[in-house]
Amino acid sequence: MTVSQALIEFLGHQYTVDGDVRERTIVGTFGIFGHGNVAGIGQALKQLSVEDPALMPYHQARNEQGMVHESIAYSRMTRRRSTFACAASVGPGATNMLTGAAVATTNRLPVLLLPADTFATRVSDPVLQQLELPHDASMSVNDAFKPLSRFFDRVNRPEQLFSAALGALRVLTDPVETGAVTISLPEDVQAETLEVPAEFLADREWHIRRPRPDRGIIAEVARAISRAKRPMIVAGGGVIYSDAAAALRDFVEATGIPVGLSQAGMGSLTWNHPQNLGSVGATGTTAANRAAAQADLIIGIGTRYSDFTAASRTAFQNADVRFININVASFDAFKHGSAIPVVADARESLLELTEALAGFHVSADFRSDYTREKATWDAAVDESFVDRRLALPSQSEIIGAVQQASDPRDVIVCAAGSLPGDLHKLWRVRDDLGYHVEYAFSCMGYEIAGGIGVARADVTRDSIVMVGDGSYLMMHSEIVSAVAEGIKFIIVLIQNHGYASIGHLSEDVGSQRYGTLYRYQDKAGNNFEQGEILPIDLAANAASYGLDVISIEPTENAIVDLSAAMKTAKASTRATMIHINNDPRLYAPDGEGWWDVPVAETSTLDTTTAARVDYLAHKTNQKPHLGAGAVERN
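So this is what it looks like as structure tokens:
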């Protein structure tokens with residue numbers, strides 16, 4: 029067989045086993061072909077499509093970054109059990125996947141990247157699209173994948189394929205190590221022949237490890253919790269990936285401990301659970317942030333404590349607060365000076381903790397406090413959803429209308445801009461897989477490709493993409509892929525003629541929305557501040573790709589029309605885009621969170637000077653690290 033034929037057939041026989049669940053590890057291959065892989069991976073996929081079409085399905089893509097995003101979204105929906113391989117040609121085709129690699133690794137989500145590389149023999153140096161570096165003849169653009177990948181190998185000889193492929197699958201299915209996995213394939217080696225042992229092509233199972241806590245550590249954690257007056261849980265993506273939502277629910281109901289959620293942890297508890305205080309941190313709710321500020325013990329479960337979750341280390345203000353971090357990865361368990369790091373699976377840890385804390389319950393006064401705060405926040409959300417009959421409604425009103433029209437198992441998809449912050453605070457999640465916001469890398473352009481990946485993963489749910497015009501313009505080409513395959517998903521495109529999130533942030537740092545508006549250029553002022561709004565028709569753009577498009581006119585009936593459009597889109601079997609304009613200066617309720625974005629120390633702008641004063645005031649609440657030392661052990 030050729031190296032490519034052996035690799036593609038090998039991938040078709042790999043299975044992930046997670047308890048009673050057994051799924052294909054690599055469910056298909058995305059590919060955009062060029063001279064670097066058309067005779068290798070391209071030929072192998074064609075040959076297999078004739079001999080055994082079901083073994084390795086092939087999917088077209090329109091942008092290499094987009095196909096990686098689709099794969100990442102798919103892997104999250106399968107709790108990291110399955111993903112795709114993504115094959116790209118040499119040079120720019122390969123480097124187009126770099127951003128996707130960073131998204132996967134930052135989010136701890138598996139994806140297999142197969143970038144083509146220049147000739148291993150160097151017989152044709154410099155080949156078309158080759159980067160030449162006089163100081164290092166061995167380096168190619170694919171070396172840029174090394175810092176972005178959890179595993180990297182380059183198959184310079186056919187015999188190296190076996191160890192490269194097995195190493196790649198080991199990392200893809202490891203809950204600690206997983207992320208982007210890259211096998212660089214020189215274009216000549218892809219087409220070379222090697223003898224392939226039959227056992228290499230046999231079905232192989234990769235079991236996901238669910239390690240239990242070390243002996244004795246649960247007793248120590250239980251003692252710390254039982255002595256706490258105001259304990260609080262911060263639930264992260266690890267709860268979702270370990271399928272621990274039911275275990276978390278049982279634990280908090282038994283103990284009365286309230287929960288705040290990171291972006292990745294949304295769905296760990298349903299929104300209306302009495303102990304779900306909602307999102308915590310920079311884009312958090314008042315309920316969760318006030319509880320976090322007073323907590324004397326924080327129990328992090330499956331969270332990596334990003335700056336948004338910790339509100340840039342201002343969220344936890346109790347001088348005596350201690351941290352217990354439960355995470356399958358020691359890197360995250362030991363973060364920020366954790367008092368008790370627990371390196372273990374979230375679900376297994378929760379099951380053991382529930383038993384160890386039998387009979388423990390937080391005080392009635394504490395429960396009354398956080399229950400009151402939750403009710404106050406829920407009322408604020410209700411109010412933000414009220415239709416004010418505006419021609420240009422607020423983003424909150426739009427979210428409310430989409431929420432009301434959605435079903436409990438539908439999946440909301442987003443990634444960048446002002447929407448992730450508003451969704452984090454406002455979206456009422458009713459299913460543990462119902463919230464899909466990529467916010468580790470917060471990659472503009474992820475949304476549409478990610479929404480298609482979600483739709484691929486589960487056809488019994490509607491994938492609802494909410495995206496602003498800024499992120500839509502970054503990457504919308506995968507719409508064509510959805511149309512070609514008849515994939516049904518819904519896009520709600522909110523057009524505000526600029527970058528809403530950075531516009532707001534620009535005001536906060538005193539830069540007056542500079543460079544964030546979509547306007548004609550003012551040649552005299554060399555800026556885009558005063559010109560007319562650009563006449564961009566994004567609805568027509570989407571329709572030209574073959575989508576069904578519903579345009580909401582800017583009238584006082586905009587929200588009513590949006591609700592009707594959502595019903596139409598959900599009833600359809602085709603991909604649909606709903607286009608609506610909004611006012612980006614109408615903000616969601618404030619959750620009392622803060623995010624550290626430095627303000628210029630000196631400026632001739634009065635707005636920047638005033639912003640610096642406010643910034644320094646917030647800095648006084650910032651801690652050098654979260655942990656405050658060990659908990660009392662006796």
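Every letter in the sequence shown is one number past the one before it in my numbering, and letter 475, counting from 1, is 503. We treat Cβ as the ideally placed atom computed from N, Cα and C, and that holds for glycine.
Glu560 sits in coil when the DSSP states are folded into three classes, being neither helix nor strand.
Glu79 is classed as exposed because its beta carbon has fewer than 16 other beta carbons within 10 Å across all chains shown. In terms of CA proximity to Tyr500, Gly478 leads the group Gly543, Gly514, Gly478, Phe38. With a cutoff of 8 angstroms on beta-carbon distance, Val199 and Phe179 are scored as near each other.
Measuring C-alpha to C-alpha distances from Asp611 to each of Cys114, Ala586, Val641, Thr404 identifies Ala586 as the nearest.
Every beta strand (DSSP E) of 3 residues or more that sits fully in the stretch 189–225 is shown, in chain order, as 208–214. Pairwise C-beta distances place the stretch 113–127 in contact with the stretch 60–71, as three or more of them are shorter than 8 angstroms.
Under the rule that a run must span 3 or more residues, the beta strand (DSSP E) segments found entirely inside the stretch 268–343 read 287–289, 304–307, 325–329.
When only Cα atoms are considered, Thr314 and Ser396 end up about 15 angstroms apart. For Met594, no beta strand (DSSP E) run applies; the uninterrupted alpha helix (DSSP H) run containing it begins and ends at 586–599, by DSSP. The Cβ-Cβ distance between Gln523 and Leu566 falls below 8 angstroms. Within the model, the alpha-carbon separation for Arg136 versus Val267 is close to 13 angstroms. Burial is judged here by how many other beta carbons sit within 10 angstroms of a residue's own beta carbon; Gln33 has at least 16 and is buried. Ranking Ile327, Val457, Gly526, Tyr463 by CA distance to the CA of Cys442 puts Tyr463 first. Ala374 places its beta carbon less than 8 angstroms from that of Ser270. If you look at Met95, you'll find it in the alpha helix (DSSP H) that goes 92–105. In terms of Cα proximity to Asp242, the closest of Ile261, Thr133, Lys598, Ile354 is Ile354.
Rounded to whole angstroms, the separation of the alpha carbons of Arg255 and Glu248 is 11 angstroms.
The shortest C-alpha to C-alpha distance from Thr210 to any of Glu560, Ala468, Lys453, Leu194 is the one to Leu194. Within the same chain, Cβ atoms closer than 6 angstroms to the Cβ of Val439 are found at Gly462, His464, Val482, Arg489, Ser491, the five residues on either side in sequence being excluded. Contact annotation: the stretch 364–380 touches the stretch 233–241, with at least three C-beta pairs closer than 8 angstroms.
Looking at the backbone, the Cα of Phe359 and that of Thr133 are separated by about 14 angstroms. Taken atom to atom, the span from the alpha-carbon of Leu159 to that of Gly621 is near 45 angstroms. In the three-state reduction of the DSSP assignment, Phe228 falls in the helix class. In this structure His235 is exposed. Its beta-carbon is surrounded by fewer than 16 other beta-carbon atoms within 10 angstroms. Closest in C-alpha terms to Asp486, from the list Tyr527, Arg104, Thr544, Gln75, comes Arg104. In this chain, Leu385 is not harboured by any beta strand (DSSP E), its DSSP state being neither H nor E. With at least 16 other beta carbons inside 10 angstroms of its own, Ile476 counts as buried. Spatial neighbours of Asn300 in its own chain (CB-CB distance under 6 angstroms, excluding positions within 5 residues in sequence) are not present. Spatial neighbours of Glu581 in its own chain (CB-CB distance under 8 angstroms, excluding positions within 5 residues in sequence) are listed in chain order as Asp589.
Residue nearest to Gln71 within the set Leu39, Gln218, Ser110 is Gln218 (criterion: CA-CA distance). In this structure, the alpha-carbon of Gly284 lies about 16 angstroms from that of Arg251. One thing to note: Cys471 has its Cβ no nearer than 8 angstroms to the Cβ of Thr111.
Per DSSP, the continuous alpha helix (DSSP H) segment holding Ala639 begins and ends at 634–647.
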